[in-house]
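Here is the structure we will look at, set down as structure tokens.
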Amino acid sequence: MSPSIVFLIATSVKLAIIAFVLLTALAYIQWVERKVIAHVQVRMGPSRVGPHGLLQPLADVIKLITKEGVLPPQVNTVFYVAAPILAVFMALISISVIPFGTSITIMGHKTMMELADVNVGVLVILAVSSMGVYGIALGGWASNNKYSLIGGLRSSAQMISYELPMSLAIAAPLLMAGSLSLRDIVNAQHGSWHLIPRWAIFAYPFPQVFSFIIFMIAAFAETNRIPFDLPEAENELVAGFHVEYSSMSFAGFFMAEYSNMVTVCCIATILFLGGWHPLWPVKWGSDFAAPAIFAAAGLICIYHGINYVRPFDRITLPIFGVIFLGCAGIFLVPILVPILMPIFWFLAKVSFLLFVFIWIRATLPRFRYDQLMAFAWKFLFPVALVNLLLTGFFVALVS
Amino acid sequence: MVDLLFFGIFAAIAVLCAINVVLQKHPISSALSLVGVMGSLAVLYLMLGGVFIAMAQIIVYAGAVMVLFVFVIMLLNAGIEVRRGRSWMATIFGVPALLGLLGVLACLLARWFPDAPTIKFGDFTGGGAKEVGYALFTEYLLPFEVTSVLILIAILGAVVLARKELD
């Protein structure tokens, strides 16, 4: 087969896998979010649809699709319809440049674990995220409603303000890696000193802890999450920029928000947390972390299935236990280890950051609008600038 | 061949969006058409090998600058502009005069630069971040620094204007 046909087939397969996994994950992040927040607040969370509410996302999707899509009479139709499409398009497109793992070789053909290996990947992500503002701003404006207009205005002001510290925080680890390609950045964080991995946040000459914190704060603002969810502040703006949206167009904004969350967590993982490199070296047995975690989860499930509290736990928990034990078994197959372990570490880090997002939503109250702006311009921006200067200074000193 | 096809598509989009900027009655539609122009220009830069410039074009112009435009238009709540009648001179002679001007320009360019080489897509490879940064800080250092001073002056001016309003 000619290389271009192989490329076409490989890209189509990767596209299908990434699209399926991402869209399913988007639905289930919402389930995880509801469950985690519920447990933080000592509630049950969704528990009616399926065991432990696991089919709730499916029910939500069906509900959103079958609901009537209301087109309010006062809206600017073209932009009203285009806004959620734009938002979700820009949110989904940036996942295509993110590398999930090392390369994979099937029948002599080598393919990278990402859709597009762009040598300016970081810039592509910044460009796409800067275009993502239009969806929300236009949606707010086209709805022709004072609440949604204020929501849209707040969102664009907030995203412009926080893009600056975010870009400056991204620039610092780029100086250490000396490349704009996401794959090269991850490869630059390979290896470790004794037990400490050579990730950017631990790295010599200047640990990027401050960049990481600044990036995460700005990421919360860029994705309009609590404590920076001013564009959809329920107590003052009803629902903010998506007041007038219903059915699938509402779901579009929803998907865009969660997809942006996934993207920023992936970028944080790649830039600061060493991408798919393990937390401790392979020679100390980091390859056995995944089977150990899955086996522990499986055994806990089976234990609670035997000593059940609720009657249906007797059936559901052993099933989950067997599934988890099966996953542990898969991670022990020698031929799959070099493919699965990078993906495991990458997904583990991304999931941890996503959990932090949810955790903070359950913990913190919302900022006031003037606090939000003052924080971005008077604190975050100068700190990011000083951090970039220091990083540049130390990198220049060493090289 | 594929390059030429893509060039044709995005050049056409750029021109159509540029015409649309003028034709649209609503400021928001015009601003979004301008975003379309910026975006297709970025694609053209990308095809010519200016990878870094293409991304900077999207981040700075299509992203930051145009978002600010849209923001201001939304904030001022500018309505649909009222179209006044045009003079008959413009209606009759507008398009022919424009075409004539373009023809004169093309003719002059062909006469002044008769041996200008034809650009092929993929010939130019020095458009990465490293090359651009190196050029900015060696060959074009003075223009670069002068531009940054200019921007600093503009920021100071904005601060002064904003402070006056407070008093």
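Quick note, the sequences are listed as chains A and B, same order.
Residue 111 in the working numbering is what sits at position 108 of the first sequence, and the numbering runs on without skipping anything.
Residue 115 in the working numbering is what sits at position 108 of the second sequence, and the numbering runs on without skipping anything.
Ideal Cβ positions, reconstructed from N, Cα and C, are used throughout, including at glycine.
This one's a predicted model, so the numbers in the text were calculated from it and none came from an experiment.
- With contacts defined as CB atoms closer than 8 Å, valine 42 of chain B and methionine 8 of chain B fail to qualify as a contacting pair.
- Judged by DSSP secondary structure, threonine 114 of chain A falls within the beta strand (DSSP E) whose first and last residues are 112-116.
- Identification of chain B residues near alanine 160 of chain A by a Cβ-Cβ cut-off of 9 Å yields Phe78, ordered along the chain.
- Contact check for histidine 245 of chain A against phenylalanine 256 of chain A passes: the beta carbons are separated by less than 8 Å.
- In the structure shown, threonine 105 of chain A adopts extended strand secondary structure according to DSSP, grouped into three states.
- Cβ contact annotation for isoleucine 126 of chain B (same chain, cutoff 8 Å, sequence separation greater than five): Leu55, in chain order.
- At a cut-off of 4 residues, the continuous stretches assigned as alpha helix (DSSP H) that sit fully inside the region 228-305 of chain A are 237-240 and 250-275.
- Approximately 7 Å separates the beta-carbon atoms of glycine 143 of chain A and leucine 156 of chain A; this is inside 8 Å, confirming the contact.
- Isoleucine 199 of chain A sits in a strand when the DSSP states are folded into three classes.
- Annotation: Cβ neighbours of alanine 71 of chain B in chain A (cutoff 8 Å, chain order): Ser133, Ile163 and Glu166.
- Around leucine 129 of chain A, the beta-carbon contacts reaching into chain B at under 9 Å are Met62, Ile65, Ile66 and Gly70.
- By the 16-neighbour rule on beta-carbons within 10 angstroms, aspartate 122 of chain B is exposed.
- Comparing C-alpha distances from alanine 259 of chain A to each of A:Ser159, A:Ser132 and A:Phe397 shows the shortest one belongs to A:Ser132.
- Residue burial annotation: threonine 69 of chain A is exposed, with fewer than 16 other C-beta atoms found within 10 angstroms of its C-beta.
- For tryptophan 380 of chain A, no alpha helix (DSSP H) segment is defined, and its DSSP state is neither H nor E.
- Here the alpha carbons of valine 22 of chain B and asparagine 190 of chain A stand approximately 42 Å from one another.
- Per DSSP, glycine 110 of chain B is one residue of the alpha helix (DSSP H) stretching across 95-119.
- Apart from the 5 residues on each side of it in sequence, valine 9 of chain A sits with its Cβ closer than 6 Å to the Cβ of His112 in its chain, given in chain order.
- Per DSSP, reduced to three states, the secondary structure at glutamine 44 of chain A is coil, with no helix or strand assignment.
- Using a Cβ distance threshold of 8 Å, alanine 221 of chain A and glutamine 211 of chain A do not count as a contacting pair.
- In the structure shown, phenylalanine 209 of chain A adopts coil according to DSSP, grouped into three states.
- Contact check for alanine 130 of chain A against alanine 86 of chain A fails: the beta carbons are separated by 8 Å or more.
- By the 16-neighbour rule on beta-carbons within 10 angstroms, alanine 142 of chain B is exposed.
- Of the candidates B:Gly15, B:Gly57, B:Gly110 and B:His33, B:Gly57 places its Cα closest to the Cα of phenylalanine 131 of chain B.
- Listed along chain B, the residues sitting closer than 8 Å to asparagine 122 of chain A by beta-carbon distance are Val58 and Gly135.
- Here phenylalanine 253 of chain A is actually not in contact with leucine 393 of chain A; their C-beta atoms are around 44 Å apart, not less than 8 Å.
- Put simply, the CB of tryptophan 144 of chain A is near chain B, with a gap under 8 Å to one of its CB atoms.
- A contact between stretches requires three or more CB pairs, one per stretch, nearer than 8 Å, and the region 350-364 of chain A meets this requirement with the region 23-42 of chain A.
- Three or more beta-carbon pairs separated by less than 8 Å link the region 178-187 of chain A to the region 97-115 of chain A, which places the two stretches in contact.
- Flagged as an interface residue toward chain B: alanine 140 of chain A, by a C-beta distance shorter than 8 Å.
- Counting C-beta pairs closer than 8 Å gives fewer than three between the region 287-302 of chain A and the region 116-131 of chain A, which falls short of the contact rule.
- For methionine 45 of chain B, same chain residues with a beta-carbon under 6 Å away, outside a window of 5 residues either side, are Tyr68 and Ala69 in chain order.
- Of A:Ile21, A:Ala180 and A:Met116, the smallest CA-CA separation from glycine 395 of chain A is found for A:Ala180.
- For leucine 391 of chain A, the closest Cβ of chain B is not nearer than 8 Å.
- Sixteen is the threshold: since fewer than 16 other Cβ atoms of the shown chains lie within 10 Å of the Cβ of cysteine 114 of chain B, the residue is exposed.
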